[in-house]
Amino acid sequence: MEFAQIIKSATEEIFASMIFLDLSCAAPLTSEKEDLGCYVTAMIGLSGDLNAILAIHCPAKVGTAIGGAMLGMEIEEVDDDTKDALGEIANMLAGGLKEAFAIKKLDLLLAIPTTISGNAYKISTPSGSNRILLPFEIEAGRFYVDLKYSLS
Amino acid sequence: MNHAEQITDATCEIFSSMVMLKVTAKEATKRTKPEFKNSITGMVGLAGTVKGNLLIHLPAPVATSVTTAFLGMDVDCIDDDVCDAVGELANMLAGAVKTALDPSGSDIKLSMPSTVYGESYNLDCLNSGISVLVPFNIEGAEFSVELQLIDG
Chain W
1 MEFAQIIKSA
11 TEEIFASMIF
21 LDLSCAAPLT
31 SEKEDLGCYV
41 TAMIGLSGDL
51 NAILAIHCPA
61 KVGTAIGGAM
71 LGMEIEEVDD
81 DTKDALGEIA
91 NMLAGGLKEA
101 FAIKKLDLLL
111 AIPTTISGNA
121 YKISTPSGSN
131 RILLPFEIEA
141 GRFYVDLKYS
151 LS
Chain P
1 MNHAEQITDA
11 TCEIFSSMVM
21 LKVTAKEATK
31 RTKPEFKNSI
41 TGMVGLAGTV
51 KGNLLIHLPA
61 PVATSVTTAF
71 LGMDVDCIDD
81 DVCDAVGELA
91 NMLAGAVKTA
101 LDPSGSDIKL
111 SMPSTVYGES
121 YNLDCLNSGI
131 SVLVPFNIEG
141 AEFSVELQLI
151 DG
């Protein structure tokens with residue numbers, strides 16, 4: 001299955017219909033442990049026919065720009081509103097993946113989103129998992145949608 | 001059996017049989033602060049009829065001594081082995097809690113584990129209904145296991 005294409009379409013659709021920010025997608029990144037320079041991550045676990053973690057990673061000002069656009073308010077710093085908005089986006093992205101799976105008669109189950117924020121955190125998944133890391137650009141800067149998975 | 005007892009039973013059982021370290025549960029509480037200092041968190045999503053996350057939070061020195069006991073190798077800082085060990089502990093704890101929540105074994109599925117670590121990070125769970133945290137004593141130090149759940 002073309003995960004990168006599914007993630008790209010789901011992200012574009014959410015940004016066009018819910019967030020109303022212009023968005024462009026760059027080529028998927030391949031290297032494993034680069035420092036993405038991000039301040040806030042929203043992530044959600046997926047299970048069923050795919051065992052995975054879907055995450056969105058943002059620098060602070062990109063996170064506040066997305067949260068502010070989605071909620072229709074000015075946001076100065078990464079606060080609970082920003083985290084709620086990003087968590088909801090992670091949830092919707094996972095929902096987009098679930099829909100694409102359903103078309104192929106595959107079942108995907110969603111856990112609930114968690115957000116991580118701070119100046120110095122790293123996220124790790126079991127060695128041997130596959131990864132697709134897609135960079136997106138909005139006016140405020142770059143963010144990443146990250147799918148780590150193993151086929152169950 | 002309530003959630004605090006499920007967490008306590010699962011944790012005591014896994015630590016005594018797999019890590020060979022004695023742990024003692026303290027009174028269950030709710031996590032009030034999102035912030036963790038010099039720590040590592042392992043988490044696994046639960047998806048299906050019940051949705052949620054199972055998390056284990058360990059200060060870095062506790063994580064390294066638990067990894068040493070669990071894997072039988074010397075580690076002195078958070079590296080890939082510690083991440084794998086903490087992710088695996090989260091996975092086993094989630095498996096035990098899942099069995100308690102869903103004895104038939106068909107209604108809840110676990111996602112891939114992930115670990116978050118760093119000098120300072122905030123961890124927030126979104127739209128959680130139930131949130132229970134049980135602190136444990138281990139060789140004079142402390143770690144905690146947390147369950148977040150909503151009805152699916």
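One line per chain: the protein sequences are W and P, in this order.
Mapping to my numbering: the first sequence position 43 is 43, numbers consecutive.
Mapping to my numbering: the second sequence position 87 is 87, numbers consecutive.
Ideal Cβ positions, reconstructed from N, Cα and C, are used throughout, including at glycine.
From W/Gly87, W/Ser129 and W/Tyr121, pick the residue whose C-alpha is nearest to that of P/Met112; which is it? It is W/Ser129.
Using a Cβ-Cβ cut-off of 8 Å, state whether P/Thr115 counts as contacting chain W. For P/Thr115, the answer is yes, since a Cβ of chain W falls inside 8 Å of its Cβ.
Any idea which residues DSSP pairs W/Val40 with across the strands? Note: W/Val40 sits in a beta bridge opposite W/Cys58 and W/Ser117.
Which chain W residues are close to P/Gln148, counting only those with a beta carbon under 9 Å from its beta carbon? Using a Cβ-Cβ cut-off of 9 Å, P/Gln148 is close to Ile112 and Thr114 of chain W, given in chain order.
Are any of the Cβ atoms in chain W nearer than 8 Å to that of P/Met73? No, no contact with chain W.
Could you tell me whether the Cβ of W/Met18 comes closer than 8 Å to any Cβ of chain P? Judged by the 8 Å Cβ criterion, W/Met18 is not in contact with chain P.
Proximity test, Cβ basis, 8 Å: W/Tyr39 and chain P: Chain P, which has no Cβ nearer than 8 Å to the Cβ of W/Tyr39, makes this no.
Got a sec: is the Cβ-Cβ distance from W/Met70 to anything in chain P below 8 Å? Not an interface residue.
Under the assumption that P/Ala94 contacts P/Leu110 (Cβ atoms under 8 Å), give the Cβ distance between them as a whole number of angstroms. P/Ala94 to P/Leu110, Cβ: 5 Å. Contact.
Pick from W/Asp84, W/Ala65 and W/Asp79 that is closest to W/Leu23, judged by C-alpha positions: When C-alpha distances from W/Leu23 are compared across W/Asp84, W/Ala65 and W/Asp79, the shortest belongs to W/Ala65.
May I ask you to report which of helix, strand or coil DSSP gives P/Thr115? Residue state, collapsed to three classes: strand.
Looking at W/Ala55 and W/Ala153, is the spacing between their C-beta atoms short of 8 Å? Only positions 1 to 152 of chain W appear in the structure, and residue 153 of chain W is not among them; the question remains open.
With burial defined as no fewer than 16 other Cβ atoms inside 10 Å of the residue's Cβ, what is the status of W/Pro113: buried or exposed? W/Pro113 comes out buried.
Residues near W/Phe15 by beta carbon distance below 7 Å, same chain, minus five either side: Cβ within range, chain order: Leu21 and Leu23.
Step through the CB atoms of chain W and report whether any lies within less than 8 Å of the CB of P/Leu110. Interface residue, yes.
Buried or exposed for W/Leu151, please, with buried defined as at least 16 other CB atoms from any protein chain shown within 10 angstroms of its CB. Label assigned to W/Leu151: exposed.
Tell whether a beta-carbon distance below 8 Å holds between W/Met43 and P/Ser120. Cβ atoms of W/Met43 and P/Ser120: not closer than 8 Å.
Look at the alpha carbon of P/Asn137 and the alpha carbon of P/Lys26, and state the distance between them as a whole number of angstroms. Near 7 Å, if we compare the C-alpha coordinates of P/Lys26 and P/Asn137.
Return yes when the Cβ of W/Ile7 is within less than 8 Å of the Cβ of W/Leu147, no when it is not. Yes, the pair counts as a contact, with Cβ atoms nearer than the cut-off.
Beta carbons nearer than 7 Å to chain P: which residues of the region 90-109 of chain W have them? When CB distances to chain P are screened at a threshold of 7 Å, the residues of the region 90-109 of chain W falling below it are Leu109, in chain order.
Which whole-angstrom value is the C-beta distance of P/Asp79 and W/Pro126, which I expect to be below 8 Å? In this structure, P/Asp79 and W/Pro126 do not form a Cβ contact; the two beta carbons are roughly 14 Å apart against a cut-off of 8 Å.
Between the CA atoms of P/Met92 and P/Lys22 - distance to the nearest angstrom: Rounded to whole angstroms, P/Lys22 to P/Met92 spans 17 Å at the Cα level.
What residues in the region 49-70 of chain P bring their beta carbon closer than 7 Å to a beta carbon of chain W? Cβ contacts with chain W come from Lys51, Gly52 and Asn53.
Reducing DSSP to helix, strand and coil, say where P/Thr41 ends up. Here DSSP, grouped into helix, strand and coil, assigns P/Thr41 to strand.
Who does P/Lys51 pair with in a DSSP beta bridge? Listed as beta-bridge partners of P/Lys51 by DSSP are P/Ile150.
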